[in-house]
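Numbering (this note's numbering), first residue to last: 2 to 136.
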């Protein structure tokens, strides 16, 4: 399948969840986050578990429990979250998993590679703090 940038719904939820958690000092529950995002609590719960396994969130049980960042927001980048779900970010210039062009030059020129590089640069240099603070 041809795709410019892979981004599943789980990855999009993870990115938004991490920013919401970064904005709060107290831990947030899955139910609170699901309400805020208009997401299924069951689906979000799986996303949260993956974020914990990736070392991006810490979970705390009990009445004051919930999820909090595992490391400071200024040290956690959008790329960290993205790659926890999608794996390494592709920066090559082909839309296909296996190149299909037999031409010397891609029909789209260097457009795909430029767009991917721009997206990568944004994810790699934008911290959760930047987004949480509206920068």
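Where a beta carbon is used, it is the ideal one built from N, C-alpha and C, also for glycine.
Local Cβ density within 10 Å of residue i, reported as buried at 16 or more and exposed below that
{"i": "residue 86", "result": "buried"}
{"i": "residue 32", "result": "exposed"}
{"i": "residue 70", "result": "buried"}
Endpoints, the alpha helix (DSSP H) within which residue i is located
{"i": "residue 46", "result": "42–54"}
{"i": "residue 35", "result": "31–38"}
{"i": "residue 116", "result": "112–126"}
{"i": "residue 74", "result": "No alpha helix (DSSP H) contains residue 74, which DSSP labels as neither H nor E."}
{"i": "residue 98", "result": "Careful: residue 98 lies outside any alpha helix (DSSP H) and carries neither H nor E."}
{"i": "residue 129", "result": "129–133"}
{"i": "residue 85", "result": "79–87"}
Test item: CB-CB of residue i and residue j under 8 Å
{"i": "residue 59", "j": "residue 23", "result": "no"}
{"i": "residue 4", "j": "residue 21", "result": "no"}
{"i": "residue 119", "j": "residue 94", "result": "no"}
{"i": "residue 19", "j": "residue 45", "result": "no"}
8 Å contact criterion, which residue i and residue j should meet: CB distance rounded
{"i": "residue 15", "j": "residue 48", "result": "5 Å"}
{"i": "residue 92", "j": "residue 117", "result": "5 Å"}
{"i": "residue 125", "j": "residue 78", "result": "6 Å"}
For residue i, the first and last residue of its enclosing beta strand (DSSP E)
{"i": "residue 59", "result": "58–61"}
- Message: Contact between the stretch 80–94 and the stretch 120–130 is defined here as three or more beta-carbon pairs at a separation below 8 Å; is this criterion met?
- Response: yes
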